[in-house]
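Below: one structure, written as structure tokens.
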Amino acid sequence: AQSVTQPDIHITVSEGASLELRCNYSYGATPYLFWYVQSPGQGLQLLLKYFSGDTLVQGIKGFEAEFKRSQSSFNLRKPSVHWSDAAEYFCAVVPNSGGYQKVTFGTGTKLQVIP
Amino acid sequence: DAGVIQSPRHEVTEMGQEVTLRCKPISGHNSLFWYRQTMMRGLELLIYFNNNVPIDDSGMPEDRFSAKMPNASFSTLKIQPSEPRDSAVYFCASSLPHSSYNEQFFGPGTRLTVL
């Protein structure tokens with residue numbers, strides 16, 4: 005069955021430290037991949053997306069993600085975390101098979117940033 | 760642009776009452792999505808409209824739920840009668856003509872509490 009997994013429910017990092025959030029997917033072919041962020045009391049906002057080409061994609065707010073086909077992963081990274089990055093992060097996938105395809109969201113990783 | 764607008768932001772009602780949630784998508788977006796977010800089940804797609812026509816309603820929980828999109832600038836999600844297990848945050852999202860790789864823009868959500 006097709007699925008997307010975010011193994012870390014909650015992560016705490018110190019301000020200024022680096023961050024990596026994990027996302028693994030299980031699909032027959034490489035899907036379209038997204039990372040969204042949800043700040044408290046807000047809707048989701050797109051950080052970045054991957055369709056094809058360069059496996060390292062840059063997004064907003066200083067985030068980047070790397071697609072690794074061999075590991076079926078699309079991990080989100082940031083070199084130096086700011087207190088304002090505290091939020092919940094969702095990985096999402098869509099089958100790359102044309103026409104309408106439903107977006108499947110991961111269960112989310114809640115990021116806490118400590119001073 | 761004001762983004763996706765949802766109303767009300769918070770709704771508290773008693774079991775058995777009718778609840779109507781409203782959404783105004785971003786102008787020019789002809790794809791609209793209703794999602795439900797709970798701690799237990801995460802983010803679930805309820806229904807997807809394209810050009811005001813429901814395309815995928817496989818996520819609608821049961822007959823108590825109904826959604827309409829009478830025109831390109833307005834959609835409603837109705838629950839009748841409401842039950843405590845319907846308590847959740849309901850998001851509306853819109854996007855450009857649907858393609859799997861188009862970003863979805865989320866509204867701030869409606870937090871529904873059914874007592």
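So the protein lines, in turn, are chains A and B.
Take any residue in the first sequence, note its place counting from 1, add 4, and you have its number in this note's numbering.
Take any residue in the second sequence, note its place counting from 1, add 759, and you have its number in this note's numbering.
Don't be surprised by glycine CBs; every beta carbon is placed ideally from N, CA and C.
No experiment lies behind these values; they were computed from the predicted model shown.
Which residues in chain D have a C-beta closer than 8 Å to the C-beta of A:Tyr93? List them in chain order.
No chain D appears in the structure shown, which is made up of the protein chains A and B.
- Query: Helix, strand or coil: which one does DSSP assign to A:Gln49?
  - Reply: For this step, residue 49 of chain A is matched to residue 45 along the first sequence. In the structure shown, A:Gln49 adopts extended strand secondary structure according to DSSP, grouped into three states.
Mark A:Ile118 as exposed unless 16 or more other C-beta atoms lie within 10 angstroms of its C-beta, in which case mark it buried. For this step, residue 118 of chain A is matched to residue 114 along the first sequence. Under this definition A:Ile118 is an exposed residue.
- request: Mind checking which residues open and close the beta strand (DSSP E) that includes B:Pro829?
  value: By 1-based counting over the second sequence, the position of residue 829 of chain B is 70. For B:Pro829, the enclosing beta strand (DSSP E) starts and ends at 824–830.
*Are the C-beta of A:Tyr122 and some C-beta of chain B separated by less than 8 Å?*
No answer is possible for residue 122 of chain A: the residues shown for chain A start at 5 and end at 119.
**Request:** Closer than 9 Å, Cβ to Cβ, to anything on chain B: give me those residues from the region 31–59 of chain A, in chain order.
**Result:** Here the close residues are Pro35, Tyr36, Phe38, Tyr40, Gln42, Gly45, Gln46, Gly47, Leu48, Gln49, Leu50, Lys53, Phe55.
Check: Can you find a C-beta in chain B that's less than 8 Å from the C-beta of A:Thr111?
Finding: What you label residue 111 of chain A is simply residue 107 of the first sequence in a count that begins at 1. Judged by the 8 Å Cβ criterion, A:Thr111 is in contact with chain B.
**Prompt:** Along chain B, which residues have their Cβ under 8 Å away from the Cβ of A:Lys65?
**Reply:** Numbered from 1 along the first sequence, position 61 holds the residue referred to as residue 65 of chain A. Ordered by position in chain B, no residue passes the 8 Å Cβ test against A:Lys65, which lies about 15 Å from the chain.
At a cut of 8 Å, does the region 42–62 of chain A reach the region 772–781 of chain B through at least three beta carbon pairs? Taking one beta carbon from each stretch, the region 42–62 of chain A and the region 772–781 of chain B have fewer than 3 pairs nearer than 8 Å; the two do not touch.
TODO: Could you name each continuous beta strand (DSSP E) segment of 3 residues or more that falls completely within the region 764–828 of chain B, going from the start of the chain to the end?
DONE: With a minimum length of 3 residues, the continuous beta strand (DSSP E) runs that stay inside the region 764–828 of chain B are 764–766, 769–772, 778–783, 790–797, 801–809, 812–815.
Sub-8 Å separation of A:Tyr31 and A:Gln6 beta-carbons
Within the first sequence, the letter at position 27 stands for residue 31 of chain A. Within the first sequence, the letter at position 2 stands for residue 6 of chain A. Between A:Tyr31 and A:Gln6, the gap from beta carbon to beta carbon is short of 8 Å.
For A:Ser56, which of A:Leu37, A:Gly20, A:Gly47 has the nearest alpha-carbon?
Position 52 of the first sequence holds residue 56 of chain A. When only C-alpha atoms are compared, the closest one is A:Leu37.
| said: Using 8 Å for Cβ pairs, my map puts B:Phe850 next to B:Gln796. What's the rounded Cβ distance? | reply: Along the second sequence, one-based indexing puts residue 850 of chain B at 91. Along the second sequence, one-based indexing puts residue 796 of chain B at 37. Yes, they are in contact, since the Cβ atoms of B:Phe850 and B:Gln796 sit about 6 Å apart, within 8 Å.
### Query
Can you tell me whether DSSP reads A:Lys65 as helix, strand or coil?
For the purposes of this step, residue 65 of chain A is identified with residue 61 of the first sequence, where counting begins at 1. Here A:Lys65 sits in helix by DSSP.
Using the Cα positions of B:Asp822 and B:Pro840, report the straight-line distance between them to the nearest angstrom. Within the second sequence, numbered from 1, the residue matching residue 822 of chain B stands at position 63. Within the second sequence, numbered from 1, the residue matching residue 840 of chain B stands at position 81. For B:Asp822 and B:Pro840, the distance between alpha carbons rounds to 10 Å.
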